[in-house]
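Undergrad:
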Amino acid sequence: MSNVIYMTHPLIKHKITMLRNENTGTLEFRKLVEEIAMLMGYEALSDLHTTNIEITTPIEKTIQPVLEGKKPAVVPILRAGLGMVGGILALVPTAKVGHIGMRRDEVTHKPQAYYCNLPDYIEDRLILVVDPMLATGGSLTDAVTEIKKLGGKNIKCMCIIAAPEGVKAFTEAHPDVKLYIGSLDRCLNNDAYICPGLGDAGDRIFGTKA
Ligand code: PRP
Ligand code: URA
Numbered sequence: 210m211s212n213v214i215y216m217t218h219p220l221i222k223h224k225i226t227m228l229r230n231e232n233t234g235t236l237e238f239r240k241l242v243e244e245i246a247m248l249m250g251y252e253a254l255s256d257l258h259t260t261n262i263e264i265t266t267p268i269e270k271t272i273q274p275v276l277e278g279k280k281p282a283v284v285p286i287l288r289a290g291l292g293m294v295g296g297i298l299a300l301v302p303t304a305k306v307g308h309i310g311m312r313r314d315e316v317t318h319k320p321q322a323y324y325c326n327l328p329d330y331i332e333d334r335l336i337l338v339v340d341p342m343l344a345t346g347g348s349l350t351d352a353v354t355e356i357k358k359l360g361g362k363n364i365k366c367m368c369i370i371a372a373p374e375g376v377k378a379f380t381e382a383h384p385d386v387k388l389y390i391g392s393l394d395r396c397l398n399n400d401a402y403i404c405p406g407l408g409d410a411g412d413r414i415f416g417t418k419a
């Protein structure tokens with residue numbers, strides 16, 4: 210069974226189209242990334258475990274479900290993944306936040322890790338790794354390898370736009386990890402940018418220039 214889940218919700222599709230538009234400015238871009246992350250997160254977190262507790266409504270005592278276990282951890286891949294964190298925290302405000310810094314070399318397109326800080330008890334948490342772009346797949350693949358090395362076991366990943374090359378590379382390296390994709394695009398260009406894509410996600414979120 211494939212571990213890749215492609216989003217089909219019309220709201221996600223609509224918002225991704227707005228995101229792609231070169232006329233979408235920084236403010237709107239950030240807002241859209243957060244909203245899409247929330248909609249995708251709703252799907253990715255649909256199998257969180259619950260346990261029953263007793264509460265009293267104004268009418269009577271009742272047994273009802275609440276989330277159980279350690280709080281999930283959201284782990285953005287720096288920089289662009291940071292833009293998705295707010296959307297997940299809107300769903301699970303108590304989630305822990307870790308960070309992994311990966312930078313693509315502009316010539317070789319290979320990722321270089323420059324930072325990693327994960328919440329404690331990482332082995333007991335659902336870990337949601339977020340990055341808007343899955344291009345060659347190098348950054349996400351290496352980030353998940355690092356998280357596994359540090360004890361992460363229950364890992365899911367969310368990318369807003371992916372290239373087929375990246376999906377292939379990632380699923381070959383981590384067939385056990387569920388990957389949620391907002392849109393599967395056509396291909397990579399010679400600079401390893403996704404086509405049609407949305408350009409450089411980090412630069413568009415932070416208003417920096419490529
Ligand atoms: C972008 C993006 C991913 C990576 C995807 O980050 O946010 O992390 O490229 O490419 P890959 O699948 O080929 O590895 P970038 O390295 O540009 O850094 P930034 O987020 O700091 O801009
Ligand atoms: N990183 C981006 O931000 N955009 C791409 O198209 C590829 C990698």
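Each residue of the sequence shown is one higher than the one before, starting from 210 at the first, in this note's numbering.
Ideal Cβ placement from N, Cα and C applies to all residues, glycine included.
#1: Excluding five sequence neighbours on each side, which residues of the same chain lie with their C-beta closer than 6 Å to the C-beta of R313?
#2: Mapping the DSSP letters down to three states, classify M247 as helix, strand or coil.
#3: In whole angstroms, what separates the C-alpha of H308 from that of L337?
#4: If I follow the unbroken beta strand (DSSP E) through S348, where does it start and stop?
#5: Just to confirm my understanding: we take K428, look at its own chain, exclude 5 residues before and 5 after, and list those with CB closer than 6 Å. What are they?
#6: Please tell me whether Y389 and E243 are closer than 8 Å, where the distance is taken between their beta carbons.
#7: Quick one: using the 10 Å Cβ neighbour count with 16 as the cut-off for buried, is V294 buried or exposed?
#8: With H, G and I counted as helix, E and B as strand and the rest as coil, what does DSSP make of L337?
#9: Quickly, what does DSSP pair K365 with across the bridge? List them, please.
#10: Hey, is D409 close to ligand 2, as in C-beta under 7 Å from one of its heavy atoms?
#11: Nearest to Y324 by alpha carbon, out of I286, D256, T259?
#12: Quick one: complete beta strand (DSSP E) runs, 3+ long, within the stretch 248 to 283?
#13: So, R395 versus P405, is the Cβ gap smaller than 8 Å?
#14: Within the continuous beta strand (DSSP E) that includes P320, where are the two ends?
#15: Below 8 Å on the Cβ atoms is my contact criterion, and I expect A289 with M342 to pass it. Report the Cβ-Cβ distance as a whole number of Å.
#16: For T260 versus V275, is the C-beta spacing smaller than 8 Å?
#17: Anyone know if the C-beta pair for A378 and T350 falls short of 8 Å?
TA: In short:
#1: P320
#2: helix
#3: 11 Å
#4: First-last for S348: 347 to 358, but that is the alpha helix (DSSP H), not the beta strand (DSSP E).
#5: A question about residue 428 goes unanswered here, because the residues of the chain that appear run from 210 up to 419.
#6: no
#7: buried
#8: strand
#9: L337, K387
#10: yes
#11: I286
#12: 259 to 265, 270 to 276
#13: yes
#14: 320 to 326
#15: 6 Å
#16: yes
#17: yes
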